[in-house]
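Have a look at the structure below, then the notes.
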Amino acid sequence: MQNEKNGLVTEYYENGEKKEEGFYRDGQLEGLLTVWGEDGQMQYEENYKAGMLYGLLTMYSVNGGWVHRTENYKEGKLDGLVQTFYEGGDVKMKSEYKAGQKIGATTWYLENGEVEEYTK
């Protein structure tokens, strides 16, 4: 197709700040996509393979840019560990997925690392 995106594509907000940047092959995302807010703060990074989420997705907090959440994907579905974090980097919640379905328990932690809640 003539209008398909190919190569590195960068989009901008009206204020000139980067909105997103990613690599496209035949109109489909391939590799890392980085997305920023209008204030220039990075919001998330996600990986693609043939247009589908594949690998690590990292979300950043709105106030300070620290890692807030990580998820793993395979063929567009959650697959692997999902974690949320406190501002200092300690794990807040941990859960696991396989082919888009939650498997096992979800564990919530206090900031001191002690288990707060454990649910199946």
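Its first residue numbered 0, the sequence shown is counted upward by one per residue in numbering that gives the first Met the number 0. Beta carbons: idealized from backbone N, C-alpha and C, even for Gly. These numbers were taken from a predicted model, which means no experiment stands behind them.
Where Y59 falls: helix, strand or coil (DSSP):
Looking at Y59 - three-state DSSP - the assignment turns out to be strand.
G21 beta carbon less than 9 Å from that of T33:
yes
Which stretch, first to last residue, makes up the beta strand (DSSP E) that contains L32?
Q27 to W35
For E45, list the residues DSSP reports as bridge partners.
L32 and L56.
How should D25 be labelled, buried or exposed, when 16 other C-beta atoms within 10 angstroms of its C-beta is the threshold for buried?
With fewer than 16 Cβ atoms within 10 Å of its Cβ, D25 is classed as exposed.
What residues in its chain sit with their C-beta under 6 Å from that of M92, if we drop five residues either side in the sequence?
T83 and W107
DSSP three-state label for W107, please.
Under the three-state reduction of DSSP, W107 is assigned to strand.
Taking all protein chains shown into account, decide if D78 is buried (16 or more other Cβ within 10 angstroms of its Cβ) or exposed.
buried
Rounded C-beta distance between E37 and Y53? I'm assuming under 8 Å.
Not quite, the Cβ-Cβ distance comes to about 28 Å (not below 8 Å), so this is no contact.
Give me the DSSP bridge partner(s) of Q82.
T69 and K93
Between G112 and D89, what straight-line distance do the alpha-carbon atoms span, to the nearest angstrom?
One C-alpha to the other measures close to 7 Å.
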